[in-house]
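All remarks here apply to the structure that follows.
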Amino acid sequence: MEAKGNTVERSVLSRINMFNQHVEEHKNWQRVNPFSHYNVRDVPKRSIQKDLYGTPPAGSLSERRAVQAQILSLQEILQLCELINENGERQSADEAAEVSIMFGVLFEMYDHISDKLLGTLLCARKHKYIDFEGETLFQGRDDKKGVRLLRPFEELRDGILNKIKSLRCILAEQPVEPVEPVKPVESVEPVEQP
Numbered sequence: 057m058e059a060k061g062n063t064v065e066r067s068v069l070s071r072i073n074m075f076n077q078h079v080e081e082h083k084n085w086q087r088v089n090p091f092s093h094y095n096v097r098d099v100p101k102r103s104i105q106k107d108l109y110g111t112p113p114a115g116s117l118s119e120r121r122a123v124q125a126q127i128l129s130l131q132e133i134l135q136l137c138e139l140i141n142e143n144g145e146r147q148s149a150d151e152a153a154e155v156s157i158m159f160g161v162l163f164e165m166y167d168h169i170s171d172k173l174l175g176t177l178l179c180a181r182k183h184k185y186i187d188f189e190g191e192t193l194f195q196g197r198d199d200k201k202g203v204r205l206l207r208p209f210e211e212l213r214d215g216i217l218n219k220i221k222s223l224r225c226i227l228a229e230q231p232v233e234p235v236e237p238v239k240p241v242e243s244v245e246p247v248e249q250p
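So the sequence shown is residues 57 to 250, counted in the numbering used here.
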C-alpha cells in the first residue's frame, strides 16, 4: 500500500514539474515575442541565422507538416510529368526526345485529377522539370501554348522519387511526441427538482 502511494506522489510531482517547465518556456517565449504585453525595450534582440530564417524549429510539428507538404507537392509534380509523357507529342521517334503537350489539352485532362494545375505547373517549372512560354498560363487564352518536359521522363521520375524518399527518411527520423488521448467526460444525470 505504501509503495502505491509513493508512485502516485512521484507521478503527481513529475506532472507538476512538467507543467512548471512548460510555464517557464512560455514565459521565456513571451519575453522575446514582440507582440506580447511585455515592454519591447526589455526584449533581447533575436539572433536568427540566415539559413534558419523562415524555417520552423527542428523537430516541431510545423516542420513535420512542411515535409509532408513537400512530399505531396512532389507526388503531384510526378503525376503531372507522367501525364505529359504519356499524352504528349515527341519531337522525334527517339525515346529520349523532348515531349510536349498543348496547355488546353493538358487542362482538360488534368481537370479530372486535380483543380490545382497551374500551381503544380509553376512549382514544376521552379524545380526545372518542365517549361512553358510566359509567366503563367490561362485557360482559353493560352490553350495553344506548349508545356514541355525538360528532360526524359525516366530521369525526372528517378530524381523526384529520390527526393520523396529522402524526405520520407527525414519524417521517419523525427520523433513523434505522444499525444495523450482525451478522456470522455462522464455523463452526469440531471438532478430532479422537487
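Backbone N, C-alpha and C fix where the C-beta goes; we use that ideal spot for every residue, glycine too. Here the structure is a predicted model, which is why all the values come from computation and not from measurement.
Residue 181 carries a helical assignment under DSSP once its states are collapsed to helix, strand and coil. Relative to residue 217, the option among 173, 128, 229 and 73 whose CA is nearest is 128. Contact between residue 185 and residue 162 fails: their C-beta atoms lie close to 14 Å from each other, not under 8 Å.
Per the coordinates, the alpha-carbon of residue 146 lies some 12 Å from the alpha-carbon of residue 209. Leaving aside the five residues that flank residue 72 on each side, none in its chain has a CB nearer than 7 Å to its CB.
Within the same chain, Cβ atoms closer than 7 Å to the Cβ of residue 199 are found at 158, 159 and 160, the five residues on either side in sequence being excluded.
In the three-state reduction of the DSSP assignment, residue 118 falls in the helix class. For residue 193, the three-state secondary structure derived from DSSP is coil.
Assigned with DSSP and collapsed to three states, residue 204 falls in strand.
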